[in-house]
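Here's the structure, in structure tokens; my notes come after.
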Amino acid sequence: MPALYTEILLKPLFNLLVFLYTAIPGRDLGVTILVLTLIVRILLYPLNRRAITSQRSIQRLQPEMEALKEKHKDDREKLAQEMMALYKREKINPLSSCLPIVVQLPILIAVYQVFTAGIKSDAFQLLYPGIANPGTINTIAFGFLDLAARSWPLAILAGIAQYWQTRMLMGSKSAATSSVSAMNKQMLYIMPVMTVFIGSRFPAGLALYWFATTVFTGLQQLLMFKKSEKKQGS
Numbered sequence: 001m002p003a004l005y006t007e008i009l010l011k012p013l014f015n016l017l018v019f020l021y022t023a024i025p026g027r028d029l030g031v032t033i034l035v036l037t038l039i040v041r042i043l044l045y046p047l048n049r050r051a052i053t054s055q056r057s058i059q060r061l062q063p064e065m066e067a068l069k070e071k072h073k074d075d076r077e078k079l080a081q082e083m084m085a086l087y088k089r090e091k092i093n094p095l096s097s098c099l100p101i102v103v104q105l106p107i108l109i110a111v112y113q114v115f116t117a118g119i120k121s122d123a124f125q126l127l128y129p130g131i132a133n134p135g136t137i138n139t140i141a142f143g144f145l146d147l148a149a150r151s152w153p154l155a156i157l158a159g160i161a162q163y164w165q166t167r168m169l170m171g172s173k174s175a176a177t178s179s180v181s182a183m184n185k186q187m188l189y190i191m192p193v194m195t196v197f198i199g200s201r202f203p204a205g206l207a208l209y210w211f212a213t214t215v216f217t218g219l220q221q222l223l224m225f226k227k228s229e230k231k232q233g234s
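Numbering follows UniProt numbering, in which position 194 of the sequence shown is assigned residue number 194; successive positions increment by one, without gaps.
Spelled out as structure tokens, the structure:
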């Protein structure tokens with residue numbers, strides 16, 4: 001495992017998990033994961049906000065983008081120039097919508113490793129000085145759910161949350177063009193199916209983290225959209 005990855009992601013997340021686990025009354029790993037997820041989402045909020053804004057702006061411009069594709073369908077270089085000019089005019093960075101996914105992937109891997117390491121006593125050697133060693137971590141969450149085992153119900157809940165979050169992000173205007181509509185429909189159903197598939201094959205702790213991440217992200221989107229609607233209405 002690369003030392004840089006361990007120092008920058010794995011150890012800080014592991015120490016935060018253990019700190020929360022020992023600090024939260026009841027020492028419930030499920031509650032700990034929910035709080036950990038909330039903290040991660042707050043830290044990533046500025047990045048996520050820019051990504052959501054960029055995605056919505058691109059959706060708003062889809063009719064104009066489709067018109068450019070039709071106009072310059074035989075000249076790919078000219079099309080690329082016109083698209084870049086459109087992005088520049090609207091002050092949109094198309095790559096910003098991908099950044100949360102790029103950042104979230106190593107964090108997701110680290111959370112998985114933190115969870116699997118956290119239930120092994122020899123992993124506590126990663127603790128910083130001053131972080132209390134709990135000795136063991138009880139993987140039973142909320143009194144009934146073993147987060148070390150696989151859980152189909154939790155994976156399905158994560159898939160439903162993914163559908164809700166993706167559907168909300170697409171909005172009612174996403175079907176402005178046939179090609180965009182087809183692509184969005186694919187994403188709308190592929191992402192939840194992949195979430196259920198992956199979530200059902202890993203410990204339930206990871207599925208719980210993904211479920212909570214998706215719900216918190218969806219709530220952030222909801223607040224942003226409502227604020228945007230108020231500004232447009234005023």
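For every residue, glycine included, the Cβ atom is placed at its ideal position computed from N, Cα and C.
Listed as beta-bridge partners of Asp146 by DSSP are Ile140.
Counting along the chain, Glu90 sits inside the alpha helix (DSSP H) bounded by residues Arg76 to Glu90. Approximately 6 angstroms separates the beta-carbon atoms of Ile140 and Asp146; this is inside 8 angstroms, confirming the contact. Spanning the alpha carbons of Gln81 and Phe19 requires a straight line of approximately 51 angstroms. By the neighbour-count criterion, in which a residue is buried when 16 or more other Cβ atoms sit within 10 angstroms of its Cβ, Pro129 is exposed.
Between Met168 and Leu222, the CB-CB gap stays under 8 angstroms. Leu68 sits close to Met83, with the two beta carbons spaced by under 8 angstroms. Ile39: member of the alpha helix (DSSP H) spanning Leu29 to Leu43, first to last residue. DSSP places Pro129 outside both helix and strand once states are collapsed to three, so it counts as coil. Out of Ala132, Leu127 and Arg201, the CA that lies nearest to the CA of Ile156 is found in Arg201. For a cut-off of 8 angstroms, the C-beta gap from Phe216 to Ala158 is around 13 angstroms, too long to register as a contact. Shown here for Tyr87: same chain residues with a beta carbon closer than 8 angstroms to its own, the five before and five after excluded, namely Asn93 and Pro94 in chain order. Within the model, the alpha-carbon separation for Pro153 versus Glu90 is close to 43 angstroms. In terms of Cα proximity to Ala161, the closest of Ile131, Leu108, Lys185 and Pro192 is Pro192.
Taking a C-beta distance under 8 angstroms as the contact criterion, Leu4 and Leu17 do not qualify as a contact pair.
The alpha carbon of Leu105 has as its nearest neighbour, out of Thr53, Thr213, Tyr189 and Asp28, the alpha carbon of Thr213.
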